[in-house]
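Visitor: Residues in the sequence shown are numbered consecutively from 7, following this note's numbering. We put the beta carbon where it would ideally sit given N, CA and C, even for glycine. Sharing a structure below in structure tokens format, with a few things to ask.
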Amino acid sequence: MQQRQIGPFSVSAIGLGCMNLSHAYGAPPAPEVGAALLHRALDLGCTLFDTAALYGFGGNETLVGKALKAHRHEITLCSKGGMAGVTFPDGVKRVIDGRPEAIRKNCEDSLSRLGTDVIDLYYLHRWDKKVPIEDSVGALSDLVRAGKVRSIGLSEVSATTLRKAHAVHPIAAVQTEYSLWTRNPEIAVLQACQELGATFVPFSPVARGFLCGGLRDVSGLAHNDIRRGMPRFAPETYAANVALLDAYEALAREVGCTPAQLALAWLLHKDARLVPIPGTQNIQHLEENMGAAAVVLTPEHMQRLEALINTQTVKGLRYSAQSMSEVDTEEFFTA
Ligand SMILES: NC(=O)c1ccc[n+]([C@@H]2O[C@H](COP(=O)([O-])OP(=O)(O)OC[C@H]3O[C@@H](n4cnc5c(N)ncnc54)[C@H](OP(=O)(O)O)[C@@H]3O)[C@@H](O)[C@H]2O)c1
7 MQQRQIGPFS VSAIGLGCMN LSHAYGAPPA PEVGAALLHR ALDLGCTLFD TAALYGFGGN
67 ETLVGKALKA HRHEITLCSK GGMAGVTFPD GVKRVIDGRP EAIRKNCEDS LSRLGTDVID
127 LYYLHRWDKK VPIEDSVGAL SDLVRAGKVR SIGLSEVSAT TLRKAHAVHP IAAVQTEYSL
187 WTRNPEIAVL QACQELGATF VPFSPVARGF LCGGLRDVSG LAHNDIRRGM PRFAPETYAA
247 NVALLDAYEA LAREVGCTPA QLALAWLLHK DARLVPIPGT QNIQHLEENM GAAAVVLTPE
307 HMQRLEALIN TQTVKGLRYS AQSMSEVDTE EFFTA
């Protein structure tokens, strides 16, 4: 597996998004199945593991911490705070809270669930717009000084917010949705990352399954699958997007890879400072995804891919109005 750099860490060019083992896409697998997948990722040379306090309301960190404990020194362990489950009388709910005291508590809880003394890369999961970004990043910076965190990242921020944060403490990574069908980072964030020396970590890099080709009909998604709340996956809109897939799959065949590998290879060829983190519950899919690091694309392939799947050809917003209001929307394509 080729290596790429995030802050001081040399990591596999493709990391593993661990969220899917506890959260988001229907029923999660049993913990032993999740642990087996994490171990297979290690065997395949994956050294970058991405979790968060939010995923499974802490359950994902517990799973990852336990399964990878014996390999802690071999991996770059990433987690996130500032958005977590909070217990209310009617149950646990997701809350964005970027106050320094909340970030400190999130980090302590994460360290304990992960069973480690230090988190290699700790992201602010969302900028809490009620709190100046300088205050939230100041709290993260204190965690670095206290030896609880080795480097800092941000998720779903604009270039403006990134620059303000970087003035407080160097930002090692920005993690935001980016794939052929979600191009917002191309407006300004990728450029800002390059200028500031931050690595860009694309999440949902295979478009939540769309770019894997097999998901042609969304009517069978589980009732609690998060894609049900995303405009792009609404049945009529999705049908328009599916119309792009025949040509996309033909291009994958021409290159000699699978559709999911094509999506990941496009990211790896876009910039040497990108480290995508696909997520999966399925070991065959994991093997396929890690294999994408060996796929070679020509400039002509890149051009044809971008002409086929882009902001004009893809229909529907990526998030609901509620979720859009929670991200930093200074620079966004409207489509
Ligand atoms: N910072 C943030 O706010 C944020 C938000 C979302 C996600 N993330 C991180 O990013 C990671 C990845 O994002 P994501 O899971 O939302 O999107 P993704 O990786 O683009 O897509 C995951 C979906 O694609 C399917 N899939 C993956 N590889 C496949 C393959 N080779 N063939 C067929 N289907 C495949 C998975 O199903 P199977 O399980 O069946 O393979 C799953 O339904 C997460 O695990 C999480 O760590 C971060």
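Expressed to the nearest angstrom, what Euclidean distance is found between the alpha-carbon atoms of Cys52 and Ser18?
Guide: Rounded to whole angstroms, Cys52 to Ser18 spans 5 angstroms at the Cα level.
Visitor: Taking DSSP's pairing of strands, which residues face Pro208 in a bridge?
Guide: Beta-bridge pairing links Pro208 to Thr182.
Visitor: Could you name the residues of the same chain whose beta carbon sits closer than 6 angstroms to that of Gln318, not counting the 5 residues immediately before and after it, in chain order?
Guide: Here the set comprises nothing.
Visitor: What does the Cβ neighbour count give for Glu294, buried or exposed, with the cut at 16 atoms within 10 Å?
Guide: When all chains shown are included, Glu294 counts as buried.
Visitor: Helix, strand or coil: how does DSSP classify Leu160 here?
Guide: DSSP places Leu160 in strand when its eight states are reduced to three.
Visitor: Which of helix, strand or coil does DSSP assign to Thr93?
Guide: Three-state DSSP puts Thr93 in a strand.
Visitor: Near Leu227, which residues of its chain fall below 8 angstroms by C-beta distance, leaving aside the five closest residues on each side in sequence?
Guide: For Leu227, where only same-chain residues beyond five positions count, the Cβ hits under 8 angstroms are Gly32, Arg233, Arg234 and Phe239.
Visitor: Using only the heavy atoms of ligand 1, determine whether one of them is closer than 7 angstroms to the beta carbon of Met25.
Guide: At least one heavy atom of ligand 1 is nearer than 7 angstroms to the Cβ of Met25, so yes.
Visitor: Taking Pro106 and Gly71 to be in contact with their CB atoms under 8 angstroms, please state how far apart those CB atoms are, rounded to whole angstroms.
Guide: Their Cβ separation, rounded to whole angstroms, is 24 angstroms, which puts Pro106 and Gly71 out of contact at 8 angstroms.
Visitor: In terms of residues, what are the limits of the alpha helix (DSSP H) holding Thr68?
Guide: From DSSP, the alpha helix (DSSP H) with Thr68 extends over Gly65 to Leu74.
Visitor: For Val4, does the three-state DSSP call read helix, strand or coil?
Guide: Look at the range of the chain in this structure, 7 to 341, and you will see that residue 4 is not part of it.
Visitor: Measuring from the CB of His131, is there a heavy atom of ligand 1 at a distance below 7 angstroms?
Guide: Yes, the beta carbon of His131 sits closer than 7 angstroms to at least one heavy atom of ligand 1.
Visitor: Does the distance between the C-beta of Arg214 and the nearest non-hydrogen atom of ligand 1 fall short of 7 angstroms?
Guide: It does: the Cβ of Arg214 is within 7 angstroms (strictly closer) of some heavy atom of ligand 1.
Visitor: For Leu323, collect the residues of the same chain with a Cβ closer than 6 angstroms to its Cβ; drop the 5 residues on either side in sequence, then sort them by chain order.
Guide: Closer than 6 angstroms at the Cβ level, and outside the excluded window around Leu323, lie Pro237.
Visitor: Pick out the complete beta strand (DSSP E) segments inside the segment 105–179, 3 residues or longer, and give them in chain order.
Guide: Segments of the beta strand (DSSP E) lying fully in the segment 105–179: 125–130 and 155–161.
Visitor: By alpha-carbon positions, which one of Ala90, Pro95 and Glu38 ends up nearest to Asp115?
Guide: Ranking the options by Cα distance to Asp115, first place goes to Ala90.
Visitor: Let me know the secondary structure DSSP gives Arg324 once reduced to three states.
Guide: Of the three classes helix, strand and coil, the one that applies to Arg324 here is coil, per DSSP.
Visitor: Since Ala204 and Ala179 are thought to touch, with beta carbons under 8 angstroms apart, how far apart are those beta carbons, to the nearest angstrom?
Guide: Their Cβ separation, rounded to whole angstroms, is 6 angstroms, which keeps Ala204 and Ala179 in contact under 8 angstroms.
Visitor: Any heavy atom of ligand 1 closer than 7 angstroms to the Cβ of Gln287?
Guide: At least one heavy atom of ligand 1 is nearer than 7 angstroms to the Cβ of Gln287, so yes.
Visitor: Confirm the yes/no value for this check: CB of Glu294, any heavy atom of ligand 1, distance under 7 angstroms.
Guide: Yes, Cβ of Glu294 sits closer than 7 angstroms to a heavy atom of ligand 1.
Visitor: Taking 7 angstroms as the limit between beta carbons, can you name the residues of its chain near Ile109, skipping five residues before and five after?
Guide: Closer than 7 angstroms at Cβ, skipping near neighbours: Gly87, Gly88, Ser142, Ala145 and Leu146.
Visitor: Sort out for me which residues DSSP pairs Gly285 with in a bridge.
Guide: DSSP output for Gly285 lists Gly23 as bridge partner(s).
Visitor: Would a C-beta distance cut-off of 8 angstroms place Gly21 and Ile283 closer than the cut-off?
Guide: Yes; because the gap between Cβ atoms is below 8 angstroms, this pair is in contact.
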